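Reviewing the structure listed below.
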Amino acid sequence: MISVMFMEDHNMEFFDYLFEDAAPGDLILVYGPPKVGKSIFCYQFLYSSLVGGEPCLYIVADYGSRQLEQRMMEFNWFLRPYIQNGDVYIIDLLTRLAGVKVEDSGTLKFSSVQNLTDLMVKVGVSTRSLFRKSSKFRAILDSLTVIFAFNPPNLVLRLLKAYKARISEARGIGVVVHTTGTVEPSIENSLMELADLKLCFDGEKIQAESSAGEKFVQYTITDKGVKNIRG
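Count along the sequence shown starting at 1, add 801, and that's the number in our numbering.
Spelled out as structure tokens, the structure:
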């Protein structure tokens, strides 16, 4: 079980409930249609981990690392101090694709959605560093949309298998974000098979599915992030 710390006590049960069947080495698939809070949930997952003293890897694939900081600031989640003290590794896959000249620095690394081999090298380096820093950590890949757009689907599936293996070797918890309807159904089925825990967002409820069974909670999105709606 992983305990997800949030700023308000009434949310503790909500996230503990969703993640109670997850264990170190597991891969969690967060999926659903666009604009239902998948990325906001991941920002919240990231920030709660850092506040709780647990380091993280965040792979930004649909936008740049600057945008990640800006989006989190909208919820008063400030990432910069954790970047500066080395508690969060960020791998930015889009900034160079946009033609911006940037260099790796500290725990901020740049790669490309068109170079999955380089991405996995940097994932391996970061997970080993996080493992040395802490006995537990979290890794988030947000999201698969642009990666699928620039690569053959089967190559992306191999990437995910390697990503899961790296996370599992270091005893971390891995998260992958996927927008439904962006790839063929057979590829989506393969994604589902790779995941140990699946969280489906539909804009009204989050349905959690694992080998232990299914459960769901109703939710809404506020200026404090994803919140459960108590019945």
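Don't be surprised by glycine CBs; every beta carbon is placed ideally from N, CA and C. The structure displayed is predicted, hence computed values, not measured ones.
Sorting Phe949, Asp888, Ile892 by C-alpha distance to the C-alpha of Lys934 places Asp888 at the top.
Considering only Tyr832, Ala1013, Val957, the residue with the shortest C-alpha distance to Ala824 is Ala1013. The straight-line gap separating the alpha-carbon atoms of Phe1002 and Ile974 is approximately 19 Å. For Leu961, the enclosing alpha helix (DSSP H) covers residues 954 to 970. Distance between Lys902 and Glu821, taken at the CA atoms: about 43 Å. In the DSSP assignment, Tyr844 falls within the alpha helix (DSSP H) that extends over 839 to 852. Exclusion of the five residues before and after Tyr883 leaves Leu851, Val889 as the residues of its chain whose Cβ lies within less than 6 Å of its Cβ.
Sequence-distant partners of Arg972 (beyond 5 residues in either direction) whose C-beta falls short of 8 Å from its own C-beta, in its chain, are Pro825, Gly826, Phe932, Ser936, Lys937. Exclusion of the five residues before and after Arg897 leaves Val903, Phe911, Ser912, Ser913 as the residues of its chain whose Cβ lies within less than 8 Å of its Cβ. The segment 944 to 961 makes no contact with the segment 869 to 886, as fewer than three CB pairs between them are under 8 Å. Glu1005 is the residue among Ala1009, Ala996, Asn952, Glu1005 whose C-alpha sits nearest the C-alpha of Val1027. Residue environment: Leu956 is assigned as exposed (fewer than 16 neighbouring CB atoms within 10 Å of its CB, all protein chains considered). Looking at the DSSP output, Val978 bridges to Val831. Note that the C-beta distance between Leu942 and Val984 is not below 8 Å.
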